[in-house]
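Chemist: Residue numbers (my numbering): 233 to 565.
The beta carbon of each residue, even a glycine, is placed where N, CA and C say it ideally should be.
The structure follows.
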Amino acid sequence: MTAPVALTKKDFETANDVRWCPGCGDYAILANMQRTLPDLGIPREQTVFISGIGCSSRFPYYMNTYGFHTIHGRAPTIATGLKLSRPELSVWIITGDGDALSIGGNHLIHLLRRNPNVQLLLFNNRIYGLTKGQFSPTSEIGKKTKSSPMGTVDAPFNPIQLTLGAGASFVARSVDIEAKHLQDMLKRAHGHRGASFVEILQNCPIFNDGAFDAVTDKATKADIVLQLEHGKPMLYGKERNKGIRLVNGTLDVVTLGENGVTETDILVHDEANLSQAFLLGGLHLPVPVGVFYRVERPVYEDLLNGQVAEAKEKKGDGDLQQLVNGASTWTVP
233 MTAPVALTKK
243 DFETANDVRW
253 CPGCGDYAIL
263 ANMQRTLPDL
273 GIPREQTVFI
283 SGIGCSSRFP
293 YYMNTYGFHT
303 IHGRAPTIAT
313 GLKLSRPELS
323 VWIITGDGDA
333 LSIGGNHLIH
343 LLRRNPNVQL
353 LLFNNRIYGL
363 TKGQFSPTSE
373 IGKKTKSSPM
383 GTVDAPFNPI
393 QLTLGAGASF
403 VARSVDIEAK
413 HLQDMLKRAH
423 GHRGASFVEI
433 LQNCPIFNDG
443 AFDAVTDKAT
453 KADIVLQLEH
463 GKPMLYGKER
473 NKGIRLVNGT
483 LDVVTLGENG
493 VTETDILVHD
503 EANLSQAFLL
513 GGLHLPVPVG
523 VFYRVERPVY
533 EDLLNGQVAE
543 AKEKKGDGDL
553 QQLVNGASTW
563 TVP
């Protein structure tokens, strides 16, 4: 038996010109995906990328795998259908904050509650980029855009808390240019059996440049970003002297050594704790990245295909023609 050929990043690249605006964070996400897939050991012909509409949705054109560029907001639905009919495939959904959280919001939450074994990556740049700079469902209050010249008054969605509330079994966050961390999150998402949701903070240099500068700037990110690691205390800062503790059901940012605070007071991250994950999802400073929540629960395609197998065992394979011409049909003279 011939051993499978080891793949490289180049094997997942296409001959198509990659066309996003110069400096777009999508380039970094694409490169990190192409670097990650060889490590998963899955053949290209068993890998599928499904996207909706938006800048991020060009993704399937640049991956040397199977792919669908579908319609606005409906990528989760099409991905669910594919996973049901071909459960052996590795299915990735590529979407943006506009595509997934506006017209696609209903499809997103039902994908997560059903829990098919797929990976959904939400590129969040807090703006509508493809349609040239309108405010999106994640734009902050007061954001001045072409569609909100006086500042938007819409309260933004919180993708982490939204997906936790929808019943997602895996919720994580990463950053477009943090290569090692992003690759780790992609591997963790793929390794989870169930619907994996990963929010990727992504810069749009044309219409919302610098939205996440504090998270990516080497001079500030150590004091801004909280790296979530299961079983480890939530410490951060250049000197690792800042942390998170739980006080009366809320998260409190503290400094070691002040007011008698020691490392024993710092909250330890638990990926299986839904309440803790929800609180972390609402934390604005520091900005948590990593796996917020992970739990094992039944996978949708296993449950549904199990029912199909049970029905066939009881009633046989069935006959479509007989069904069409059965007792429930009639003729209109």
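According to DSSP, is I282 part of a helix, a strand, or is it coil?
Modeler: What you label residue 282 is simply residue 50 of the sequence shown in a count that begins at 1. Strand at I282.
Chemist: Could you give the first and the last residue of the continuous beta strand (DSSP E) run that contains H301?
Modeler: Your numbering for residue 301 matches position 69 in the sequence shown. Unbroken beta strand (DSSP E) run through H301: 298-301.
Chemist: What residues match up with Q366 in a beta bridge as DSSP calls it?
Modeler: In the sequence shown, counting from the first residue as 1, residue 366 sits at position 134. In DSSP, Q366 forms a bridge with Y360.
Chemist: So L515 packs on L499, CB below 8 Å; how close in whole Å?
Modeler: As a working mapping, residue 515 is identified with position 283 in the sequence shown. As a working mapping, residue 499 is identified with position 267 in the sequence shown. Not really, about 11 Å apart at Cβ, beyond 8 Å.
Chemist: Between L239 and D416, what straight-line distance do the alpha-carbon atoms span, to the nearest angstrom?
Modeler: Walking along the sequence shown from the start, residue 239 turns up at place 7. Walking along the sequence shown from the start, residue 416 turns up at place 184. Their backbone Cα atoms lie some 18 Å apart in a straight line.
Chemist: Taking only the alpha-carbon atoms, compute the straight-line gap between V556 and G550 and give it to the nearest angstrom.
Modeler: Working through the sequence shown from its first residue, we reach residue 556 at position 324. Working through the sequence shown from its first residue, we reach residue 550 at position 318. Computed Cα separation, rounded: 11 Å.
Chemist: By DSSP, does F355 sit in helix, in strand, or in coil?
Modeler: Taking the first residue of the sequence shown as position 1, residue 355 is located at position 123. Of the three classes helix, strand and coil, the one that applies to F355 here is strand, per DSSP.
Chemist: Starting from the C-beta of N248, find all residues in its chain whose C-beta is less than 8 Å away, skip the five residues before and the five after it, and write them out in chain order.
Modeler: Stepping through the sequence shown from its first residue, residue 248 is reached at position 16. Closer than 8 Å at Cβ, skipping near neighbours: Y293, Y294.
Chemist: Are the region 329-339 and the region 526-543 touching, with three or more C-beta to C-beta distances below 8 Å?
Modeler: Contact fails: fewer than three Cβ-Cβ distances are below 8 Å.
Chemist: Roughly how many angstroms lie between the CA atoms of L316 and F281, to the nearest whole one?
Modeler: Here the question's residue 316 lines up with position 84 in the sequence shown. Here the question's residue 281 lines up with position 49 in the sequence shown. Their Cα atoms are separated by approximately 15 Å.
Chemist: Taking the alpha-carbon positions, what's the L352 to H301 distance?
Modeler: Within the sequence shown, numbered from 1, the residue matching residue 352 stands at position 120. Within the sequence shown, numbered from 1, the residue matching residue 301 stands at position 69. Near 14 Å, if we compare the C-alpha coordinates of H301 and L352.
Chemist: Could you check which residue in G284, W324, S289, R290 has the C-alpha nearest to that of R306?
Modeler: In the sequence shown, counting from the first residue as 1, residue 306 sits at position 74. Among G284, W324, S289, R290, the Cα nearest to that of R306 belongs to G284.
Chemist: Alpha carbon to alpha carbon, how far is E490 from H422?
Modeler: For the purposes of this step, residue 490 is identified with residue 258 of the sequence shown, where counting begins at 1. For the purposes of this step, residue 422 is identified with residue 190 of the sequence shown, where counting begins at 1. The alpha-carbon atoms of E490 and H422 are separated by roughly 41 Å.
Chemist: If contacts are defined as beta-carbon pairs under 8 Å, then H381 and L460 qualify, I think. What distance do you get, rounded to the angstrom?
Modeler: For this step, residue 381 is matched to residue 149 along the sequence shown. For this step, residue 460 is matched to residue 228 along the sequence shown. First, the residue type needs correcting, since residue 381 is Pro and not His in the sequence shown. The pair is not a contact, with the Cβ atoms about 38 Å apart (cut-off 8 Å).
Chemist: Taking one C-beta from the region 424-432 and one from the region 387-405 each time, how about it: are there three or more such pairs within less than 8 Å?
Modeler: Because the criterion of three Cβ pairs below 8 Å is met, the region 424-432 and the region 387-405 touch.
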